[in-house]
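First to last, the protein sequences are chains A and B. Numbers given in the working numbering equal positions in the first sequence, counted from 1, plus 6. Numbers given in the working numbering equal positions in the second sequence, counted from 1, plus 27. Built from N, CA and C at the ideal position, the CB exists for glycine as well.
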Amino acid sequence: MIRHLFKLVWNRKRTSALLILEIFFSFLVVFVVATLGMYCWDNYKRPLGFSIKNVWQLRIETKKSDDQHTPEESATFARLLKEVKSFDAIESAAGAMGAPYEFGQYQSGMTIHHHDVTMEFNEVTPELKDVLGLRLVAGRWFQEGDEKLSWLPVVIDRDLARDAFGGQEAIGQRLDEPAPDGMKPKPGMRVIGVVDDFRRAGELSGPGNYRFDLKRLGNPDDRPGRIILVKVRSGTPASFEETLMARAQGVAPEWSFEVKPLTQLRESAFRLRLTPLIVGGIVAFFLLLMVGLGLIGVLWQNLLQRTREIGLRRATGASRAEVHRQVVMEQILLTTLGVFLGTVLVAQIPILDLIGFVSGRVFAGGLLVAMVSIYLLSILCALYPSAMAARVQPADALRYE
Amino acid sequence: MIHLQEVSKLYRTDRVETTALDNINLDVGKGEFISVMGPSGCGKSTLLNLIGLLDEPTSGKVALDGKAIDRYGDRDLARVRNERLGFIFQQFHLVSDLSVVDNVEIPLLYRKMSNKERRRAALAALDRVGLSSRTRHFPTQLSGGQQQRVAIARAIVGRPGILLADEPTGNLDSQMGDEIMSILEDLNANEKTTIVMVTHDPRMAEKTHRVVRLFDGRQVQ
Chain A
7 MIRHLFKLVW NRKRTSALLI LEIFFSFLVV FVVATLGMYC WDNYKRPLGF SIKNVWQLRI
67 ETKKSDDQHT PEESATFARL LKEVKSFDAI ESAAGAMGAP YEFGQYQSGM TIHHHDVTME
127 FNEVTPELKD VLGLRLVAGR WFQEGDEKLS WLPVVIDRDL ARDAFGGQEA IGQRLDEPAP
187 DGMKPKPGMR VIGVVDDFRR AGELSGPGNY RFDLKRLGNP DDRPGRIILV KVRSGTPASF
247 EETLMARAQG VAPEWSFEVK PLTQLRESAF RLRLTPLIVG GIVAFFLLLM VGLGLIGVLW
307 QNLLQRTREI GLRRATGASR AEVHRQVVME QILLTTLGVF LGTVLVAQIP ILDLIGFVSG
367 RVFAGGLLVA MVSIYLLSIL CALYPSAMAA RVQPADALRY E
Chain B
28 MIHLQEVSKL YRTDRVETTA LDNINLDVGK GEFISVMGPS GCGKSTLLNL IGLLDEPTSG
88 KVALDGKAID RYGDRDLARV RNERLGFIFQ QFHLVSDLSV VDNVEIPLLY RKMSNKERRR
148 AALAALDRVG LSSRTRHFPT QLSGGQQQRV AIARAIVGRP GILLADEPTG NLDSQMGDEI
208 MSILEDLNAN EKTTIVMVTH DPRMAEKTHR VVRLFDGRQV Q
């Protein structure tokens, strides 16, 4: 019977092609949305690498770019950090160039053991470990006296350690970063510690390489930080933001400041990442609805045109159930062809390594969800028209004009 | 072999009730070749549909091989149609998207057979009606007479005991009609196939063993 149905589908190329094309495009849309959804879910389940409980961000606006700082500004930043730490309401405070969940990032690339490695990095003061609750898995974190070393100590996350050094011990490894045009080269870097995977962009972001450089507050060559992350004591009222801003403004009247809890940044980051997914999901849902209604209509029309053929099949020995099954099987066959084409196309993604950040597991999951959804839709859409076709009396079907 | 007892068929709509067949009693023996004649609308095709289990009588009893079929479910009716009956229609009813041999194979799709056996039987049936050279053609590439021969091959491919032909020569010229008729006569004479043929053509009816005449749904002869 399958061979017979395949011949029917093949010989009705024009009608079949339209249906296959419809199924093919629906499959692609569902695949994209499902893969994106699974990618986000997969990321959400991974450890984040930090905690933002009671952490606020004091953002500094100096109205200058990073490479235009003066030694006085670096000193002002150090003074500001000291002042912020002096509040009783603040458990600890750390200086940094960037904060978790922020949209901007510092990116760096270098060749390590003959292989190109890109990473995100941040310049931080030693208190960051306590502020964000970072977990060391090897080596040590920054400590007093590190700022006096002739080389720059760095702590990397587990992803970077794996990517850069594979199975080798990361602690003690040297990193040589080429200086960007017009900027002073950094002193040679050496890995002193490894922290758990650190996903600065938040729960929905994928794993990535991350490096913490020590911000040497006493060094006039080091640019001032752009952020102070403060961990406030539980129960600190929101009104403390005003007090903090006023104190900061007192220390650096020429700079402007903004205070935000990191939970607020987290919400924005979620909104930013989930909006396309939700919009895509809604579009995909309505698309599937339209495709489903379209499939029912096209199937219905096809079956009406084939009423006499159905009558003939009934006359020559097909039971109602067999007619019903034949229509559903034809639909499954068309769906298989559409899904096959779609799978061949999307299989190029891992083969050509077009989207490296999506893991094989997520990709396969997206593929499976798309397949199941499309088959389900197709079968559901075929059920009613096929039941109606099977219900016709053979004598009436043979007379149908 | 075929037994109809006080069979009536009414078609009801919201406003009108039409009697298509009224109290028909008919017996057709094994190996008989009968023709059913009568003016248009007298119930000939309805009678054939009832014998062929394509429709249900409003009242009365239809029996095949001594078994009343009124208690048969859909699956049993389909099996009887598949194994015992072969149909030939005036309109041929060939599936235009299938080749000649694939059309002939249709009844065998509903039997447990291998593809090879099915193909062998279909080719033998086409050989029987003299169409071995046209197996890969599509129905639209054939003449009316050839299409009807394909339909006959499809009707006999499953070796049914009974052939039901609804004006098989109605859409053909006299020469082609004669060709079709001679195939039916041959099937009846050599393979003892029971044939019930509806026809308007007295020339064709003369060639059968017996003529049943209907008028306004009633049997008049």
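Would residue i pass as a contact of residue j if the rule is Cβ separation under 9 Å?
i, j, result
"residue 288/A", "residue 64/A", "no"
"residue 204/B", "residue 224/B", "no"
"residue 408/A", "residue 54/A", "As displayed, chain A neither begins before 7 nor continues past 407, which places residue 408/A out of reach and without an answer."
"residue 224/A", "residue 196/A", "no"
"residue 173/B", "residue 158/B", "yes"
"residue 144/A", "residue 95/A", "no"
"residue 305/A", "residue 388/A", "yes"
"residue 74/B", "residue 31/B", "yes"
"residue 170/A", "residue 201/A", "no"
"residue 393/A", "residue 101/B", "no"
"residue 66/A", "residue 252/A", "no"
"residue 169/B", "residue 161/B", "yes"
"residue 164/A", "residue 219/A", "no"
Can you name the residues of chain B whose CB is closer than 8 Å to the CB of residue i?
i, result
"residue 7/A", "136"
"residue 328/A", "105 and 137"
Going along chain A in order, which residues have a C-beta closer than 7 Å to the C-beta of residue i?
i, result
"residue 120/B", "314, 318 and 404"
"residue 29/B", "Those do not exist, as residue 29/B stays about 16 Å from chain A at its closest Cβ, beyond 7 Å."
"residue 109/B", "322 and 323"
"residue 242/B", "Ordered by position in chain A, no residue passes the 7 Å Cβ test against residue 242/B, which lies about 21 Å from the chain."
Could you tell me whether any Cβ in chain A is nearer than 9 Å to the Cβ of residue i?
i, result
"residue 124/B", "yes"
"residue 232/B", "no"
"residue 133/B", "yes"
"residue 181/B", "yes"
"residue 60/B", "no"
"residue 162/B", "no"
"residue 45/B", "no"
"residue 73/B", "yes"
"residue 70/B", "no"
"residue 185/B", "yes"
Under 8 Å: does the beta carbon of residue i sit that close to some heavy atom of the ligand ATP?
i, result
"residue 279/A", "Among the ligands in the structure shown, none appear at all, so the ligand ATP cannot be discussed."
Does chain B have any CB closer than 9 Å to the CB of residue i?
i, result
"residue 10/A", "yes"
"residue 18/A", "yes"
So, helix, strand or coil for residue i, using DSSP?
i, result
"residue 111/A", "coil"
"residue 261/A", "coil"
"residue 68/A", "coil"
"residue 330/A", "helix"
"residue 121/A", "strand"
"residue 44/B", "strand"
"residue 34/B", "strand"
"residue 119/B", "coil"
"residue 141/B", "coil"
"residue 195/B", "coil"
"residue 40/A", "helix"
"residue 87/B", "strand"
"residue 201/B", "helix"
"residue 178/B", "helix"
"residue 21/A", "helix"
"residue 58/A", "coil"
"residue 2/A", "Residue 2/A lies beyond the residue range present for chain A, which begins at 7 and ends at 407; the question has no answer from this structure."
"residue 129/A", "strand"
"residue 234/B", "coil"
"residue 266/A", "strand"
"residue 296/A", "helix"
So residue i contacts chain A; which residues on that side make the cut at Cβ distance below 8 Å?
i, result
"residue 101/B", "325, 326 and 327"
"residue 142/B", "9"
Since residue i meets chain B, which of its residues come closer than 7 Å, beta carbon to beta carbon?
i, result
"residue 13/A", "125 and 129"
"residue 401/A", "76, 81 and 82"
Does chain D have any CB closer than 9 Å to the CB of residue i?
i, result
"residue 65/B", "The structure shown contains no chain D; the protein chains it does contain are A and B."
Contained alpha helix (DSSP H) runs [length at least 4] in the stretch 145–193 of chain A, N- to C-terminal order
Within the stretch 145–193 of chain A, the complete alpha helix (DSSP H) segments of 4 residues or longer fall at 164–171, listed in chain order.
Considering only residues of the stretch 366–397 of chain A, which uninterrupted alpha helix (DSSP H) runs meet the minimum length of 4 residues and lie entirely inside it, listed in chain order?
366–397, all fully within the stretch 366–397 of chain A.
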